[in-house]
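Q:
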Ligand SMILES: [Fe+2]
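Numbering (mature numbering (1 follows the signal peptide of the UniProt record, and there is no 0)), first residue to last: -20 to -1, 1 to 445.
Shown next, in the form of structure tokens:
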């Protein structure tokens, strides 16, 4: 082999290695887009054409806030919505909050984000909406699609979809989630952290791609998610910008990392489990103090809203291991439960488990492990009850199996399992929750590797006197 041919080959191999390392999990490289998730979401958009549309709501769905992105700056952002049954009652909101979001990568990739809030919404109504941008001559560019959401129905029942750890590729549960969103059977969607893998990758363009992909879900059902470790780049700037239409201002928190809302019999809190891993002591205390005050207030309203659910990303308990050296279910879970070790006293402080028990939180709804696992009511590693009636402590419901390029994490098939581990499933899936004044019914569905053939994997009913 000639020296020139040899050096060319070495260069080729080097370049292939670098590319595959850079593109790991990236679009079109190690993984192709899912055949079952093909749509026109990755098409070319006009400079001021709305894209990445998603909606969130405040308590009782009294208000909705829509966010969308444009590649270029716009003169005026527009939200147009109307009751599906009365299109002539169309309302136009113009202006809103508009800002440039600059990714902190070397390219300083910039997109323009726009938040528009509805007026107070009529309950029990299906609304349709579209968003647009108006130029200085009054010419409007509308979103290609129109979307739907609904406000709180009459009666006591509320239904929501629960998921976590949703990627851009190998997003197995996505077709099912989209079907559920469009069915109007579910009032909102919770997502317990980790999306896109990661939004900040490729100078933040992965975030654009993912948000375009997710539009077909997040524009058709209110997104009520929590932040995860895969959103941690640049002090969580992608989360704080792209999801700042969640109702954090109405919840008295200073940014979108935490918020809460009421919906009929439910009080739901989105809490950042990342403080102990990314934050200063001050940030951890700010996070937990706000959580405690929120839970205190929620307990004052317990007769009206008997159920309290805390949404976080990392689990307090899990049993699955991705490798022999993986300590996530040992060390991380202890940090979430009990907090970090204070070197001065050699004791752990600022954990969340004691707070959840003190304020009688019913469920800690999380993800992070890419599988499904439900615990019995548990505290400090001990089962407090094998019954879900009048449970003396919180139980954990881990639903991190919606699908992403990291695949799922299996369980040891032979056991033994800790006494608190009530149910486990290592396939892909999602959950639904039905709440009334008297019961919470949680169902976990498994799906095939293309998001079809939903089947019940796990079902539990929680009640209290
Ligand atoms: Fe995670």
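Where a beta carbon is used, it is the ideal one built from N, C-alpha and C, also for glycine.
Quick check on this structure: which residue in 110, 86 and 135 has the alpha carbon closest to the alpha carbon of residue 103?
A: Reading the chain shown from its first residue, position 123 is the one you call residue 103. Nearest C-alpha to residue 103: 135.
Q: Just how far apart, CA to CA, sit residue 107 and residue 269?
A: Numbered from 1 along the chain shown, position 127 holds the residue referred to as residue 107. Numbered from 1 along the chain shown, position 289 holds the residue referred to as residue 269. Answer to the nearest angstrom: the Cα atoms are 37 Å apart.
Q: Hey, how far is the Cα of residue 418 from the Cα of residue 444?
A: Looking up residue 418 in the chain shown gives position 438. Looking up residue 444 in the chain shown gives position 464. Each residue's Cα considered, the two are about 7 Å apart.
Q: Touch check for the region 417 to 433 and the region 322 to 331: three-plus C-beta pairs under 8 Å?
A: Judged by Cβ distances under 8 Å, the region 417 to 433 makes no contact with the region 322 to 331, as fewer than three pairs qualify.
Q: With distances taken Cα to Cα, identify the nearest neighbour of residue 254 among 244, 232, 275 and 294.
A: In the chain shown, residue 254 corresponds to position 274, counting from 1. It is 294.
Q: Which of the three DSSP states is assigned to residue 423 in this structure?
A: For the purposes of this step, residue 423 is taken as the residue at position 443 of the chain shown. Strand.
Q: If we ignore side chains and look at the alpha-carbon of each, how far apart do residue 225 and residue 36 end up?
A: Taking the first residue of the chain shown as position 1, residue 225 is located at position 245. Taking the first residue of the chain shown as position 1, residue 36 is located at position 56. Cα to Cα, the separation comes out at about 6 Å.
Q: Less than 8 Å between the C-beta atoms of residue 382 and residue 152, yes or no?
A: On the chain shown, position 402 is the one that residue 382 refers to. On the chain shown, position 172 is the one that residue 152 refers to. Yes, Cβ-Cβ distance for residue 382 and residue 152 is below 8 Å.
Q: Is the beta carbon of residue 33 less than 8 Å from the beta carbon of residue 127?
A: Residue numbering aside, residue 33 sits at position 53 when the chain shown is read from its first letter. Residue numbering aside, residue 127 sits at position 147 when the chain shown is read from its first letter. Result yes, Cβ atoms of residue 33 and residue 127 sit closer than 8 Å.
Q: Looking at residue 135 and ligand 1, is the gap between the Cβ and the nearest heavy atom below 7 Å?
A: Here residue 135 corresponds to residue number 155 of the chain shown, with the count starting at 1. No, ligand 1 has no heavy atom inside 7 Å of this Cβ.
Q: If you pair each beta-carbon of the region 350 to 365 with each one of the region 257 to 274, do three or more pairs fall below 8 Å?
A: Segment contact: the region 350 to 365 against the region 257 to 274, fewer than three CB-CB distances shorter than 8 Å; contact not assigned.
Q: In or out: residue 280 buried (at least 16 other Cβ within 10 Å) or exposed?
A: Along the chain shown, one-based indexing puts residue 280 at 300. It counts as exposed.
Q: Quick one: is the Cβ of residue 306 within less than 7 Å of any heavy atom of ligand 1?
A: For the purposes of this step, residue 306 is taken as the residue at position 326 of the chain shown. Incorrect: residue 306 has no Cβ contact closer than 7 Å to ligand 1.
Q: Using three-state DSSP, classify residue 77 as helix, strand or coil.
A: Looking up residue 77 in the chain shown gives position 97. Residue 77 falls in the strand class under three-state DSSP.
Q: Are the CB atoms of residue 431 and residue 194 within a distance shorter than 8 Å?
A: The residue you call residue 194 lines up with position 214 of the chain shown. The residue you call residue 431 lines up with position 451 of the chain shown. Not a contact, by the Cβ cut-off of 8 Å.
Q: Check whether the Cβ atoms of residue 143 and residue 397 sit closer than 8 Å, and answer yes or no.
A: Within the chain shown, residue 143 is the residue found at index 163, counting from 1. Within the chain shown, residue 397 is the residue found at index 417, counting from 1. No. Outside cutoff.
Q: Using three-state DSSP, classify residue 194 as helix, strand or coil.
A: Residue numbering aside, residue 194 sits at position 214 when the chain shown is read from its first letter. Residue 194 falls in the helix class under three-state DSSP.
Q: Going by DSSP, which residues form a beta bridge with residue 439?
A: Within the chain shown, residue 439 is the residue found at index 459, counting from 1. BP columns for residue 439 point to 423.
Q: According to the neighbour-count rule (16 or more other Cβ atoms, all chains shown, within 10 Å of its Cβ), is residue 180 buried or exposed?
A: Here residue 180 refers to the residue found at position 200 of the chain shown. When all chains shown are included, residue 180 counts as buried.
Q: When you compare each of 330, 412 and 231 to residue 441 by their alpha carbons, which one comes out closest?
A: Residue numbering aside, residue 441 sits at position 461 when the chain shown is read from its first letter. Nearest option by C-alpha distance: 412.
Q: Could you tell me which of 378, 338 and 53 sits nearest to residue 349, measuring between CA atoms?
A: Taking the first residue of the chain shown as position 1, residue 349 is located at position 369. Checking every option, the nearest Cα to that of residue 349 belongs to 378.
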